[in-house]
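Before any comments, here is the structure.
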Amino acid sequence: MTETGMTQETANPRRWQALAVLALVQFLVFTDGTIVNVALPSIQRDLGLTPGELTWVVNGYLLAAGGLLLVGGRLADLFGRRRVFMTGAALFALASLAAALATTTQVLVAARFLQGVGDALAVPSAMSLVALLFTDPQERAKAFAIWGGLAGLGSTAGVLLGGVLTDLAGWHWIFYVNVPLALVSLALVPVLIKESRMPEMRRPGLLSAVLIIGGLVAVIQGLLSLVTRPLLSPGVLGPLLGGVAAVAGFVIVQARSDNPLVPLTFFRHRVRVTGNLGMVVLASSTAAMFFLLVAYVQQILGFSPLQSGLAWLPFIAAYLVGLTTMAKVLPRLGPRWAMSAALLLAGTGFLLLARLPADGAYAIDLVPALLLIGLGGGGATPASQVASLTDVSQEDAGLGSGVITTVLQLGQALGLAAIVTAATAYTRGLAGEAAATATAGYRLAFLIGASLLLAGAVAVAALLRPQRSAVARSLSERPLPSASE
23 MTETGMTQET ANPRRWQALA VLALVQFLVF TDGTIVNVAL PSIQRDLGLT PGELTWVVNG
83 YLLAAGGLLL VGGRLADLFG RRRVFMTGAA LFALASLAAA LATTTQVLVA ARFLQGVGDA
143 LAVPSAMSLV ALLFTDPQER AKAFAIWGGL AGLGSTAGVL LGGVLTDLAG WHWIFYVNVP
203 LALVSLALVP VLIKESRMPE MRRPGLLSAV LIIGGLVAVI QGLLSLVTRP LLSPGVLGPL
263 LGGVAAVAGF VIVQARSDNP LVPLTFFRHR VRVTGNLGMV VLASSTAAMF FLLVAYVQQI
323 LGFSPLQSGL AWLPFIAAYL VGLTTMAKVL PRLGPRWAMS AALLLAGTGF LLLARLPADG
383 AYAIDLVPAL LLIGLGGGGA TPASQVASLT DVSQEDAGLG SGVITTVLQL GQALGLAAIV
443 TAATAYTRGL AGEAAATATA GYRLAFLIGA SLLLAGAVAV AALLRPQRSA VARSLSERPL
503 PSASE
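Be aware that the sequence shown starts at 23, since it is given in the working numbering, and climbs by one per residue.
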C-alpha cells in the first residue's frame, strides 16, 4: 500500500528534532562545497599538485553531485528515503575521512568524487523527508525556511571555516570535521524518523539513468572547463554538445515511457519552475562571489587565510537575520513577493561590489555589500525552495528535492564558469598594474551578478502573478502526507 496522510494532531511529535538532525548533514554538504577553496594553496603545496590537478579537487565533487542528484532523489522514492539518506551520509563520512588522510592526488580526487556521490544520495532524500514530516502548512514553510537557509549558510560558513581550520590546524581538518558530525546524524535518524517510500512504484529503465547522469556530468564538465579554456575548444564544446544531446535523448525517452524516471508533467507547474529560476540566479551569482571575493581580499587587500575567513562574519550574521525573518513572513507573503524582494536586496549588494576599488577598505567597500547580499540570500533561498516544492505529491517528493539540488549545483557551475570566465577575459585585454586590472575584472563579474539577480526579481514577480491564489492555497490548504507513518 502507498503511504497515507496524517493530520497535524497525529504528525511525528519529534519532527523538529528530526529536522535538526537532517539539517546537520545538509549544512555539512554545502559547507564542503566551499570549504576547500581557501585551503587550495595549502593542498597544492603539500601534495605537489599541478594547476590542472588542483581544479579536480573542486570539480570532482561538483561533477559527481550534480550528475547524480536527480537519480538520487528518485532512488529515495523507490528504495526508502531514510535508507538512501543514511547510505549517502555514511558514504560522505567515509569519503571525508579518506580525503583527510590523503597523501596523493589520486586518493584526494577519488575521495572528493565519493563525497559528491554521498551528497547526491543524502540531500534530496533528506529534503523529501522534511517535506513529508511537516503536515501543517505554516510549520512546513518555517521548516523549509530553515532548511533552505542552511544551504546558503553552509556555503558561506565553508569559506569562514576553511580559513580558520587551514590557518590553525592544517587543511586536513577541513575534511576531518565532517566525520563526527555525520556519525551523529547516522545514530539519531533511525530513532527519530520511520522509513518512507513508495513501494508500488516500478523501477525506471537503466537507459534513463545513464542518459541523465552522463548528460549532466558532461554539461557540468563543459561549464567548468570554460574557466581555463576557450568556448570553441574541444574540451569545452565537446562535453557541452554531448551533454545537451544526452539530456535531449533523456527527455525523448521520458516522453515515450510508461514509467519515466522524471515525469515531464512535473515541469509544467509554473510556481515550481519559477522557484527553480530564482535558485539558478542566486546560486550562479553567489558562487562567483565567493570565488572572486576570496581572491580579492587575499590578493588585493593582502588578507591571510584566517583573515579571509573571518571577513565573512558580517555576511553570516546578515544571512541569519534574513533567514529568521523569512521564516516568519513567508507563510503570509507567499513566495512571489518574498522571493522578489530578497533577490532585489541581494542584487543591490552586488551593485555595491561592482564599485570596488583596487585600494579598497574592508569596512567601507565590502561590509555594506556583504550585509545586503546576506540579507537577500538568507531570504531568497528558503523562498525559492518553498516555491520549487509547491504541490509536490508524495510520490514525487524525492524527485522534487532532486530537481532543486540539481538546479543548485548547475547554477553554481554556471556561475563559476561563465561569470569568472568573463572577468578573466576582460582582465586580459586591459593594460596597467596587476591589482588594478584584476579589480576591474572583479567589478565586471559583480555587475553581471547584479544584473542576473535584478532580472530574476522582476521575472519572479511577473511569472508568479497569475498564480497568486494557487500559491496561497499551497501554503494554507494543501498539506503533504507525513513521513512518520
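Think of the CB as a built atom: it goes at the ideal place given N, C-alpha and C, for glycine as much as any other residue.
Note down the Cα distance separating residue i from residue j, rounded to an integer number of angstroms.
i	j	result
Leu-62	Ala-460	20 Å
Leu-46	Leu-154	18 Å
Val-186	Gly-478	34 Å
Gly-356	Gly-454	49 Å
Arg-358	Val-303	15 Å
Leu-474	Val-213	43 Å
Pro-252	Gly-244	11 Å
Val-43	Met-108	12 Å
Val-389	Gly-344	16 Å
Arg-36	Ala-209	15 Å
Leu-262	Leu-254	10 Å
Gly-451	Leu-342	40 Å
Leu-18	Gly-369	Any answer about residue 18 is impossible in this case: the structure gives the chain only from 23 up to 507.
Glu-31	Val-211	With a pLDDT of only 44 at Glu-31, under the threshold of 50, the placement of this residue in the model should not be trusted, and no figure is reported.
Thr-449	Asn-281	50 Å
Asn-34	Gly-180	32 Å
Trp-38	Phe-166	12 Å
Gly-88	Asn-298	15 Å
Ala-277	Leu-90	21 Å
Met-301	Ala-472	15 Å
Gln-128	Leu-76	11 Å
Asp-68	Gln-321	21 Å
Thr-250	Thr-443	8 Å
Arg-162	Gln-66	44 Å
Gln-160	Ala-360	15 Å
Asn-200	Leu-119	8 Å
Apart from the five residues on each side of it in sequence, which residues of its chain come closer than 8 Å, Cβ to Cβ, to residue i?
i	result
Ala-231	Val-93, Leu-283
Val-273	Leu-286
Leu-233	Ala-268, Val-269, Gly-271, Phe-272, Val-275
Pro-379	Asp-387, Thr-461
Val-131	Glu-75, Trp-78, Val-79, Gly-82
Exposed or buried, which one is residue i when buried takes at least 16 other CB atoms within 10 Å?
i	result
Ala-121	buried
Arg-96	buried
Arg-104	buried
Gly-324	exposed
Pro-327	buried
Val-206	exposed
Lys-164	buried
Asp-381	exposed
Phe-407	Here residue 407 turns out to be Gln, not Phe, going by the sequence shown. Gln-407 is buried by the Cβ-count criterion.
Leu-335	exposed
Phe-312	buried
Thr-513	The structure shown does not extend to residue 513, since the chain is modelled only from 23 to 507, so the question has no answer here.
Gly-70	exposed
Val-480	exposed
Pro-202	exposed
Pro-256	exposed
Phe-289	exposed
Thr-56	buried
What residues in its chain sit with their C-beta under 6 Å from that of residue i, if we drop five residues either side in the sequence?
i	result
Tyr-15	This structure cannot settle anything about residue 15, because the visible part of the chain is limited to 23 through 507.
Phe-337	Thr-178, Leu-392, Gly-396
Gly-176	Phe-49, Phe-52, Thr-53
Gln-434	Ala-305, Ala-309
Val-145	Val-51, Thr-427
What residue range does the alpha helix (DSSP H) around residue i cover?
i	result
Tyr-198	195 to 198
Gly-300	292 to 317
Gly-463	456 to 485
Ala-124	From DSSP, Ala-124 is part of no alpha helix (DSSP H); its letter is neither H nor E.
Ile-516	Because the chain is modelled from 23 through 507, residue 516 falls outside the range shown and cannot be assessed.
Phe-156	Note, Phe-156: premise wrong, no alpha helix (DSSP H); not H, not E.
Tyr-448	442 to 450
Ser-330	327 to 332
Asp-68	37 to 69
Gly-401	389 to 410
Lys-350	335 to 355
What does a CB cutoff of less than 7 Å around residue i pick up in its chain, not counting 5 residues either side in sequence?
i	result
Thr-347	Gly-401
Val-458	It is worth fixing the name first, because residue 458 is Ala in this sequence and not Val. Only Ala-380 meet the Cβ criterion.
Ser-307	Phe-372, Gly-437, Gly-471, Leu-474, Leu-475
Ala-40	Asn-34, Leu-155, Leu-214, Ile-215
Leu-375	Ala-391, Phe-468
| Touching by the beta-carbon criterion (3+ pairs, under 8 Å), the stretch 183 to 195 and the stretch 74 to 81 | no
| query | On the three-pair Cβ rule with 8 Å, is the stretch 401 to 413 touching the stretch 291 to 299? | reply | yes
| Touch check for the stretch 250 to 266 and the stretch 231 to 241: three-plus C-beta pairs under 8 Å? | yes
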